[in-house]
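Count the sequence shown with UniProt numbering and you get residues 152 to 551, in order. One structure below.
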Amino acid sequence: MPALAERLKDVTVSPIVAMSTRARALKAEGHQVISLAVGEPDFPTPPHAIEAAHQAALRGETKYPAQDGSPALKKAIQAKFRRENDLDYALDEICVCNGGKQVLMNAFFATLTPGDEVVIPVPFWASYAEMVKLAGGVPVFVHCPQNNGFKLRPEDLDAAITPKTKMVMLNFPNNPTGAACSRDEMKALGEVLVKHGHVWVLTDDMYEHLVFDGFEFCTIAQVEPRLKDRTITCNGVSKTYAMTGWRVGYAGGPKQVIKAMVNMQGQVTSGVSGITQAAAVAALEGPQDLVRGRAEVYRTRRDLVVEMLNQAPGLVCHKPEGAFYVYPNVAGCLGKTTAGGRRIETDADFAMALLEEKLVAAVHGAAYGMSPYLRISYATDTESLREACTRIQDFCKGLA
Ligand code: PLP
152 MPALAERLKD VTVSPIVAMS TRARALKAEG HQVISLAVGE PDFPTPPHAI EAAHQAALRG
212 ETKYPAQDGS PALKKAIQAK FRRENDLDYA LDEICVCNGG KQVLMNAFFA TLTPGDEVVI
272 PVPFWASYAE MVKLAGGVPV FVHCPQNNGF KLRPEDLDAA ITPKTKMVML NFPNNPTGAA
332 CSRDEMKALG EVLVKHGHVW VLTDDMYEHL VFDGFEFCTI AQVEPRLKDR TITCNGVSKT
392 YAMTGWRVGY AGGPKQVIKA MVNMQGQVTS GVSGITQAAA VAALEGPQDL VRGRAEVYRT
452 RRDLVVEMLN QAPGLVCHKP EGAFYVYPNV AGCLGKTTAG GRRIETDADF AMALLEEKLV
512 AAVHGAAYGM SPYLRISYAT DTESLREACT RIQDFCKGLA
């Protein structure tokens with residue numbers, strides 16, 4: 152067989168996929184697996200979004216769509232940025248892409264020249280590093296310590312930026328830790344970034360609406376307007392409106408970079424389906440109380456999961472501000488042997504043994520660049536969460 156592309160040499164398959172595949176296989180064998188491995192809301196898409204898609208299809212919005220997004224959706228996004236983020240973007244400073252993933256990929260391709268460094272706070276959503284590598288960039292990791300609530304410290308950010316840095320990534324509320332930055336914390340990061348005029352800032356705000364206990368979300372260009380002309384603000388409807396399968400993400404940013412992102416997308420996938428875009432308009436312009444109601448459900452689940460995990464011997468679970476993940480530390484379980492005779496030396500061993508012996512799927516921290524942890528997604532029903540946490544407690548009690 153002829154060789155595959157060199158550029159794929161260093162790109163790894165998502166460990167989340169590996170875990171989900173094993174979980175699916177166990178399910179297929181008839182086992183009662185509970186998956187806490189996937190970052191997908193368990194709620195349905197709002198009915199008004201589905202209805203809008205139906206109507207769009209009936210109206211014949213079934214042809215090639217505009218590559219940068221439909222005028223209606225771009226206006227809805229413009230209004231959203233104004234309403235929720237105090238950010239004023241002209242329509243040619245906004246683009247619509249096939250999911251948040253494509254927003255990020257377009258942004259990397261539009262800004263990175265091979266060899267450029269991209270600063271990524273760790274732990275990080277696994278796709279960032281792989282995407283950066285695919286675009287020829289070099290990921291540079293900055294540790295966000297647990298004792299700082301897994302948040303990026305300004306001094307660490309400052310130390311990571313070099314003349315080779317082309318971009319800094321921000322993702323708060325964060326996947327996998329749920330950590331979110333207050334206005335003061337974001338402002339302090341902004342002050343560092345203002346000093347480094349040669350870097351782009353790419354902020355991934357996918358979990359914006361999933362913050363709890365009155366926490367106020369903020370985004371970098373909002374708290375530090377001096378950065379707006381070199382910031383790409385990414386967002387999407389996947390997590391906020393439980394629309395992961397519809398594939399709509401969007402970005403606001405300087406006109407030149409948005410144009411480059413649209414050019415990139417135009418050569419790869421073209422615009423987002425018109426039917427899907429109509430659904431996104433309805434989601435963004437429709438009633439928002441649904442979003443707040445769901446955030447409250449996630450908050451009660453977070454509280455349950457944090458409490459139950461902290462009762463499991465060997466686990467320490469920080470209570471995060473947002474998203475739908477917790478990131479318990481499993482250091483207290485390493486060096487032990489499970490009731491089924493498996494030796495636990497790493498967080499990967501922990502995750503695999505937990506799946507095999509207690510049928511609970513979660514992802515090991517190494518997949519997100521920081522060990523020894525587990526990422527637990529609580530985007531699942533409360534009863535399953537309670538059962539899963541009980542199984543985790545039993546698993547930990549069985550370690551010797
Ligand atoms: N950014 C983060 C931090 C995510 O967790 C995800 C999905 O898990 C995405 C982006 C991708 O979003 P989408 O499903 O819209 O492509």
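From the three backbone atoms N, C-alpha and C, an ideal C-beta is built for every residue, glycine too.
Asked: Supposed contact pair C468 and L455 - C-beta distance, whole angstroms, cut 8 Å; Found: The pair is not a contact, with the Cβ atoms about 11 Å apart (cut-off 8 Å).
Asked: For C547, the three-state DSSP class (helix, strand or coil); Found: helix
Asked: Reference F275, options F292, E268, D267, closest by Cα; Found: F292
Asked: Nearest-angstrom Cα separation, counted from L263 out to S221; Found: 27 Å
Asked: Bridge-paired residues (DSSP) for M320; Found: L353
Asked: Straight-line gap, K379 to K487 (C-alpha atoms, nearest Å); Found: 50 Å
Asked: Any non-hydrogen atom of the ligand PLP closer than 7 Å to D193 Cβ; Found: no
Asked: Residue environment, A474, which counts as buried when at least 16 other CB atoms sit within 10 Å; Found: buried
Asked: beta-carbon K252 near the ligand PLP non-hydrogen atom, thresh 7 Å; Found: yes
Asked: Where the alpha helix (DSSP H) through N325 begins and ends; Found: First-last for N325: undefined, no H or E at that position.
Asked: Minimum C-alpha distance to V319 - residue among L361, G365, L255, E202; Found: L255
Asked: Per DSSP, cross-strand counterpart(s) of E507; Found: Per DSSP, none; premise fails for E507.
Asked: Assumed close pair G465, L550 - CB separation to whole angstroms, cut-off 8 Å; Found: 6 Å
Asked: Start-to-end residues for the beta strand (DSSP E) that takes in E375; Found: Segment: none, E375 is in no beta strand (DSSP E) and carries neither H nor E.
Asked: Where E282 falls, given that 16 or more other Cβ within 10 Å makes a residue buried; Found: Residue 282 is actually Met in this sequence, not Glu. M282 is buried by the Cβ-count criterion.
Asked: In DSSP terms, what D402 is bridged to; Found: One detail in the question is off: residue 402 reads as Ala in this sequence, not Asp. Paired residues: C246, C385.
Asked: Minimum length 3: unbroken beta strand (DSSP E) runs contained in the stretch 203-281; Found: 245-248, 268-273
Asked: Cβ-heavy atom distance, T354 to the ligand PLP, below 7 Å; Found: no
Asked: Top-ranked residue by Cα proximity to K214, from A223, P438, I426; Found: I426
Asked: DSSP-derived helix/strand/coil call for A156; Found: coil
Asked: Stretch-stretch touch, CB-based, cutoff 8 Å, three pairs: the stretch 503-514 with the stretch 181-189; Found: yes
Asked: DSSP state of L525 mapped onto helix, strand, coil; Found: strand
Asked: Range of the contiguous beta strand (DSSP E) that encloses V442; Found: Counting along the chain, V442 falls outside any beta strand (DSSP E), though it belongs to the alpha helix (DSSP H) covering 440-461.
Asked: DSSP three-state assignment for Y476, whether helix, strand or coil; Found: strand
Asked: Cβ pair count under 8 Å reaching 3, the stretch 446-455 against the stretch 359-369; Found: yes
Asked: Assigned secondary structure, T489 (DSSP; H/G/I helix, E/B strand, else coil); Found: coil
Asked: Other residues of its chain near A223: CB distance less than 6 Å, five sequence neighbours each side excluded; Found: V432
Asked: Assumed close pair residue 562, D532 - CB separation to whole angstroms, cut-off 8 Å; Found: Not covered by the structure: residue 562. The range shown for the chain is 152 to 551.
Asked: N257 beta carbon near the ligand PLP (any heavy atom closer than 7 Å); Found: no
Asked: Any non-hydrogen atom of the ligand PLP within 7 Å of N326 CB; Found: yes
Asked: Assigned exposure category for P272 - 16 Cβ within 10 Å defines buried; Found: buried
Asked: Nearest to Q418 (by Cα), restricted to the options R158, E212, Q218, A310; Found: Q218
Asked: Other residues of its chain near K390: CB distance less than 7 Å, five sequence neighbours each side excluded; Found: P192, M357, Y358, L361
Asked: Span separating the alpha-carbon of F501 from that of V413; Found: 43 Å
Asked: V423: first and last residue of the uninterrupted beta strand (DSSP E) it sits in; Found: That residue, V423, is in no beta strand (DSSP E); it is neither H nor E in DSSP.
Asked: Local conformation of I495 per DSSP, three classes; Found: strand
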